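Chemist:
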Amino acid sequence: MDLAKQKWRSRFEAWLLDASADANHATQGDRKAEVIGAMTGTVVEIGPGTGVNMRYYASGVKVIAIEPNPVMHQRLHAQADAHGVDLEVRTLQGEHLDVDDQSADGVVGTLLLCGVEEPQQVIAEAHRILKPGGTYFFTEHVEAPPSTRTRGLQRVLRRPHRWLFNGCRIDQDTASLLRAGPFASIDIDEYDRGAAGLYVRHGLIGTATK
Ligand SMILES: C[S@@+](CC[C@H](N)C(=O)[O-])C[C@H]1O[C@@H](n2cnc3c(N)ncnc32)[C@H](O)[C@@H]1O
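Numbering (my numbering), first residue to last: 35 to 244.
In structure tokens:
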């Protein structure tokens, strides 16, 4: 998807990411602080958007941010500055990282795999760049369980949602993609945000270890 041609949708997406940041911190902040906050050395964050995760990095960590959409960059830098993060932004797709094999101590990707064109390739790239024993932290919204009202809603809304939100797939079975490899070990917790989450209420959060 050519993000440069999606300018108003990108601005809307950036606004929405900022508007939902407080709710995101309230529901996932503890887990992010625990996992992201324990990362050291060089961490590659893929698709950081407007920088919701910047507050969780420990001081001294170098963060390489892979963010293909320039509309996000100004807010991303502002968040990094506000939280004292040593940030380098690269305007690239997560499917093809210009990062050496086994060079990253950690990889972070939150609300990412729903919107990339080739999620399996992004997972493979995260694995390639991680040092042995390194952690990939993820949180993703996913398809609703079969035969639920929410699943029916997702079927109806998948196309307009995808158009409005720069290619986001609301009914992706991301757990299966993560479990398909190549990570040696995957730890996934599922969650349901309830009615407040509307038709994107189901999700997963966890880590994959190389
Ligand atoms: C839904 S936003 C999530 C932003 C942030 N990670 C968060 O948790 O709020 C998805 C982000 O992934 C970026 N993105 C889209 N396609 C991508 C790709 N192929 N590789 C890397 N990032 C991508 C988008 O520009 C956007 O910033």
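Cβ atoms here follow ideal geometry from the backbone N, Cα and C, with glycine treated the same way. Note that the structure is predicted; figures quoted are calculated from it, not measured.
For V190, does the count of other Cβ atoms within 10 angstroms reach 16, so buried, or fall short, so exposed?
Modeler: Exposed: under 16 other Cβ atoms inside 10 Å.
Chemist: Is it true that the CB of A112 sits closer than 8 Å to the CB of Y90?
Modeler: Result no, Cβ atoms of Y90 and A112 do not sit closer than 8 Å.
Chemist: Determine the extent of the alpha helix (DSSP H) in which R124 is found, giving its start and end residues.
Modeler: It is not in any alpha helix (DSSP H) - R124 instead sits in the beta strand (DSSP E) that spans 120-124.
Chemist: Take T61 as the anchor and find which of A242, K244, A230, T241 has the nearest alpha-carbon.
Modeler: T61 has its Cα closest to that of A230, out of A242, K244, A230, T241.
Chemist: Alpha carbon to alpha carbon, how far is N87 from G140?
Modeler: About 14 Å.
Chemist: Pull up the distance between the alpha-carbon of F46 and that of K96, whole angstroms please.
Modeler: Those two C-alpha atoms are separated by around 29 Å.
Chemist: For T208 versus L147, is the C-beta distance shorter than 8 Å?
Modeler: Yes, these two residues count as a Cβ contact at 8 Å.
Chemist: State the start and end residues of the unbroken alpha helix (DSSP H) segment that holds V86.
Modeler: That residue, V86, is in no alpha helix (DSSP H); it is neither H nor E in DSSP.
Chemist: Tell me where the alpha helix (DSSP H) around I157 begins and ends.
Modeler: Per DSSP, I157 belongs to the alpha helix (DSSP H) from 153-163.
Chemist: I believe G143 touches I80 by the beta-carbon criterion, under 8 Å. Please report the beta-carbon distance rounded to the nearest angstrom.
Modeler: Indeed they touch by this definition, with Cβ atoms about 4 Å apart.
Chemist: So, with DSSP's three-state summary, where would you put P166?
Modeler: The answer is strand: DSSP assigns P166 an E or B state.
Chemist: Look at the Cβ atom of L126, then the Cβ atom of I100, and state whether they are nearer than 8 Å.
Modeler: For L126 and I100, yes; Cβs fall inside 8 Å.
Chemist: Just confirm the distance between the C-beta atoms of F172 and G85, as a whole number of angstroms; I'd bet it's less than 8 Å.
Modeler: Contact doesn't hold; Cβ gap of about 17 Å is too wide.
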